[in-house]
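The block underneath contains the structure these notes are about, expressed in structure tokens.
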DNA sequence: AGTTCCATGTCGCGG
DNA sequence: CCGCGACGTGGAACT
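Protein chains in written order, with my numbering: chain A, 5 to 223; chain B, 5 to 223.
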């Protein structure tokens with residue numbers, strides 16, 4: 005990564021034309037060749053940029069960056085206050101405890117979302133083909149397997165179907181009801197679920213967050 | 005702006021939870037307090053960030069950034085390879101569409117638009133807080149600072165006011181008249197400009213293009 | 001590879 | 001301050 009702090013003007017010609025009058029800014033060139041021009045404010049978004057892949061021309065005072073679409077970023081430098089290069093290496097990348105995991109956590113705390121008297125047996129209940137998100141017991145003492153997705157599509161129903169097939173072989177817990185839960189259940193998934201005798205339900209993430217006991221404790 | 009290159013782990017807890025395992029990254033803290041953590045690739049988007057406004061706590065090895073919504077960004081540092089702070093100052097900001105720049109170019113070629121005998125001293129005349137679009141001299145030998153916008157709103161008048169404040173400290177050119185020029189000057193901006201003793205004028209882009217000497221030569 | 005949809009979207013305008 | 005739409009949207013997942 006190369007970091008240069010310098011007075012500069014910047015011109016972008018591409019999907020639109022844009023121009024930055026002379027001022028002191030930070031210009032960042034990453035290992036993959038992408039270039040970003042930052043002011044000392046605004047949000048994380050640079051004032052102007054050029055993503056990789058591109059061709060980079062360093063003509064002394066002027067950097068010209070061109071991408072395959074023909075868009076160009078031209079940076080003309082004045083006084084350079086600072087210029088350094090440093091090797092950062094590969095980044096392991098961001099791990100998002102995405103919404104799906106959060107949904108699972110919230111629903112595990114609120115099994116009654118799926119019916120009065122529903123209680124949690126355990127999260128990530130193991131089967132030979134992978135863990136079921138939630139295993140519960142309903143008020144009739146029947147076992148219930150719940151698959152949770154952010155977006156409920158056909159493959160999620162297929163997944164739950166396979167789990168149910170294995171769970172129902174276990175005499176101690178059979179028969180096992182299936183519930184397919186998602187923020188949004190697509191029509192095709194609804195149809196397939198109903199055809200397989202699997203219930204489906206749409207859950208409201210924001211509402212669940214609102215009644216999160218962890219949050220409640222704060223008040 | 006503060007720039008630190010260091011080994012770090014980063015945790016974000018807010019609208020979702022996210023975690024960055026230890027690696028060498030660039031952490032940028034802008035003057036407005038916003039924080040961005042960059043890897044040496046990807047696009048211009050940081051791996052993780054926290055926009056202003058926020059409260060920043062520097063606990064030696066650990067930076068904790070909390071915004072008013074309660075979202076937190078926690079950065080734990082290991083080896084620091086590099087750490088520097090530099091003052092960039094205000095940024096004049098991005099001019100999109102090229103319309104502003106085009107207007108500036110056209111008006112620089114036609115300073116008499118602003119009055120008979122008006123002549124251009126220079127474009128992008130530098131001040132400590134950024135360049136004035138046009139600096140001119142009128143037929144009475146008074147200096148005139150002209151700010152050009154596509155859409156003339158209050159903040160443009162404020163900008164010109166600040167320029168005038170600096171320019172009028174320079175005995176060689178004071179007193180400096182101000183003219184606020186735009187394709188359309190909003191009523192609030194008109195009122196404010198008049199209150200500040202700044203003239204305002206609406207310019208016709210199409211008409212200016214029609215009498216552009218560069219274009220004329222083509223015929 | 002083309003397309004659709006999500007996003008800690010961000011940003012700017014109008015009410 | 002809040003809703004609404006555009007964005008050089010960028011980026012991932014799916015066809």
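C-beta: ideal position from N, C-alpha, C; glycine also.
Here the structure is a predicted model, which means the values were calculated and not measured.
Residue i in three-state terms, based on DSSP
i                      : result
residue 191 of chain B : helix
residue 223 of chain B : At residue 223 of chain B the pLDDT is 49, less than 50, meaning the model places this residue with poor confidence; the figure from the coordinates comes in the next sentence. Residue state, collapsed to three classes: coil.
residue 30 of chain B  : strand
residue 57 of chain A  : coil
residue 116 of chain B : helix
residue 198 of chain B : helix
residue 92 of chain B  : coil
residue 167 of chain B : helix
residue 160 of chain A : helix
residue 176 of chain A : coil
residue 24 of chain B  : strand
residue 211 of chain B : helix
Run of the beta strand (DSSP E) containing residue i, from where it starts to where it stops
i                      : result
residue 134 of chain B : 134–141
residue 148 of chain B : 147–156
residue 125 of chain A : 123–129
residue 9 of chain B   : 6–17
residue 40 of chain B  : 39–42
Boundaries (first-last residue) of the alpha helix (DSSP H) holding residue i
i                     : result
residue 79 of chain B : Here residue 79 of chain B belongs to no alpha helix (DSSP H); instead the beta strand (DSSP E) covers 76–89.
Check whether residue i and residue j have beta carbons under 9 angstroms apart
i                      : j                      : result
residue 205 of chain B : residue 117 of chain B : yes
residue 112 of chain B : residue 156 of chain B : no
residue 100 of chain A : residue 55 of chain B  : no
residue 92 of chain B  : residue 35 of chain B  : yes
residue 143 of chain B : residue 122 of chain B : yes
residue 10 of chain A  : residue 84 of chain A  : yes
residue 46 of chain A  : residue 95 of chain B  : yes
residue 53 of chain A  : residue 43 of chain A  : no
residue 154 of chain A : residue 107 of chain A : yes
residue 202 of chain A : residue 165 of chain A : yes
residue 86 of chain B  : residue 29 of chain B  : no
residue 183 of chain A : residue 151 of chain A : yes
residue 135 of chain B : residue 26 of chain A  : yes
residue 171 of chain B : residue 197 of chain B : no
residue 276 of chain B : residue 49 of chain A  : No answer is possible for residue 276 of chain B: the residues shown for chain B start at 5 and end at 223.
residue 5 of chain B   : residue 133 of chain B : no
residue 209 of chain B : residue 105 of chain B : no
Check each residue of the segment 16–29 of chain B: if its Cβ is closer than 7 angstroms to any Cβ of chain A, include it; give the result in chain order.
Within the segment 16–29 of chain B, the residues whose Cβ lies closer than 7 angstroms to some Cβ of chain A are 20, 21, 22, 23, 24, 25, 27, 28 and 29, listed in chain order.
For the segment 123–137 of chain B, enumerate the residues whose C-beta is nearer than 9 angstroms to any C-beta of chain A, in chain order.
Cβ contacts with chain A come from 128, 130, 134, 135 and 137.
Within 8 angstroms, do at least three Cβ pairs link the segment 187–202 of chain B to the segment 156–163 of chain B?
Touching, per the Cβ criterion.
Looking at C-beta atoms only, is the number of pairs between the segment 108–128 of chain A and the segment 60–75 of chain B that lie closer than 8 angstroms three or more?
The answer is no - the segment 60–75 of chain B does not touch the segment 108–128 of chain A, with fewer than three Cβ pairs under 8 angstroms.
Which residues, taken in chain order from the segment 41–63 of chain A, show a beta carbon closer than 8 angstroms to some beta carbon of chain B?
Residues of the segment 41–63 of chain A that bring their beta carbon within less than 8 angstroms of a beta carbon in chain B comprise 42, 43, 44, 45, 46, 47, 48, 49, 50, 51, 52, 53, 55 and 56, in sequence order.
Of the residues that make up the segment 78–93 of chain B, which ones have a beta carbon closer than 8 angstroms to any beta carbon in chain A?
Correct list: 85, 86, 88, 90, 91, 92 and 93.
If you measure beta-carbon to beta-carbon, which residues of the segment 96–122 of chain B are closer than 8 angstroms to chain A?
Residues 96, 97, 98, 99, 100, 101, 102, 104 and 105.
Three or more beta-carbon pairs under 8 angstroms between the segment 8–27 of chain A and the segment 79–98 of chain A, yes or no?
Proximity of the segment 8–27 of chain A to the segment 79–98 of chain A meets the contact definition, three or more beta-carbon pairs being nearer than 8 angstroms.
If you measure beta-carbon to beta-carbon, which residues of the segment 181–195 of chain A are closer than 7 angstroms to chain B?
Going along the segment 181–195 of chain A in chain order, one finds no residue with a Cβ nearer than 7 angstroms to chain B.
Taking only beta carbons into account, state which residues of the segment 134–165 of chain B come closer than 7 angstroms to chain A, listed in chain order.
Here the close residues are 134 and 135.
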